[in-house]
Each structure stands twice: as C-alpha cells, then as structure tokens.
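Mapping the sequence shown onto my numbering, position 59 (from 1) lands on 160, and the numbers just tick up by one. Scroll down for the structure; my scribbles are underneath it.
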Amino acid sequence: MTAATRNDTPVAIEGNGVELRMQEVGGGMSVAFASLPEGTDMGPAVKGLPDDQCQCPHWGYLLKGRLRMRTKAGSEVYEAGQAFYWAPGHVPEALEDCEYVDFSPTKEFNEVIDHVKAQMS
102 MTAATRNDTP VAIEGNGVEL RMQEVGGGMS VAFASLPEGT DMGPAVKGLP DDQCQCPHWG
162 YLLKGRLRMR TKAGSEVYEA GQAFYWAPGH VPEALEDCEY VDFSPTKEFN EVIDHVKAQM
222 S
C-alpha cells in the first residue's frame, strides 16, 4: 500500500502560480495535488491534444475555490466541498483560487502532463 501527502509528492508542473504535484500510488493510478490561481485557464496548455482537451479521467475532491470545467457538451461549475468525476474531454478554468486532489490512470495522466510541460516551455 502507498500513501502520499501533498508536501512529500514531487512537483510535476509549476509556473504562473499553478502547481501540480503527482505520484503513482498503485493499481495503475496516480494521485495529484493541484493548485490553480483565480483566472487560470488550462485551454492553452492542452491545445494540441485530441479536441484540444484533457483526455484523462479524474476522480477527486475540490478542497478550496470554484472551478469551471468546459466540455464539448457545455460547462459545469464545481465548488469547494464537492467530490467529482471529470470524464475525458475537459478543460479547467479557475473562477477562484482552487485546490483539489484527484486520482487518475497514471499512463493517461503522464501523457497529458508531458504535453502540458511541452506547451509551457
């Protein structure tokens, strides 16, 4: 069994106030601790992925803030205190400073992270 804390989890993405820490926890799944400052739109970072959207599913809990998740079908707003499932095909936008923890399939998440890092450089 594996456990992870935010502070002990390696930083995968950092810049412009965005921080994503990620660690594999077993069963082909990774945990991520994310912080997005108000106004962050991940659209430019996922541009070039299929449909210009994140194609990795995520299960998690929004600890702080409000976040709009844009999809082909429209958008939905999530607020602190809500557990969520984000299906493949989404783009997050922070309406307030946000913090959340999510669990995702490691292989798919690494593909998205590698793409986002390439977009940031």
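From the three backbone atoms N, C-alpha and C, an ideal C-beta is built for every residue, glycine too. It should be emphasised that the depicted structure is a prediction, and the values quoted were computed from it without experimental measurement.
Less than 8 Å between the C-beta atoms of residue i and residue j, yes or no?
i: G190; j: K208; result: no
i: E194; j: L168; result: yes
i: P206; j: P158; result: yes
Let me know if residue i comes out buried or exposed under the rule of 16 or more other beta-carbons within 10 Å of its beta-carbon.
i: Y179; result: buried
i: W187; result: buried
i: A104; result: exposed
i: G182; result: exposed
i: G166; result: buried
i: T106; result: exposed
i: S222; result: exposed
i: A184; result: exposed
With a CB to CB cut of under 6 Å and the five nearest residues on each side skipped, what residues in its chain are close to residue i?
i: M123; result: A113, S131, A133
i: G127; result: T103
i: W160; result: Y186, F204
i: M143; result: V192, P193
i: F310; result: Residue 310 is absent from the model: the chain starts at 102 and stops at 222.
i: C155; result: V147, H191, V213
By Cβ distance, which residues of its chain are closer than 8 Å to residue i, with the 5 residues on each side in sequence left out?
i: P145; result: Q220
i: D153; result: G144, V147, V192
Report all residues from its chain with a CB closer than 7 Å to the CB of residue i; omit the five preceding and five following residues, and keep chain order.
i: M170; result: S176, E177, Y179, W187, H191, P193
How many angstroms separate the CA atom of residue i from the CA atom of residue j?
i: E120; j: V202; result: 12 Å
i: C199; j: G118; result: 11 Å
i: Y162; j: H216; result: 24 Å
i: E125; j: E197; result: 28 Å
i: N108; j: A135; result: 12 Å
Identify every run of the beta strand (DSSP E) within the segment 111–193, keeping only runs that are complete inside it and at least 3 residues long; order them along the chain.
112–116, 119–127, 130–137, 159–165, 167–172, 175–180, 184–187, all fully within the segment 111–193.
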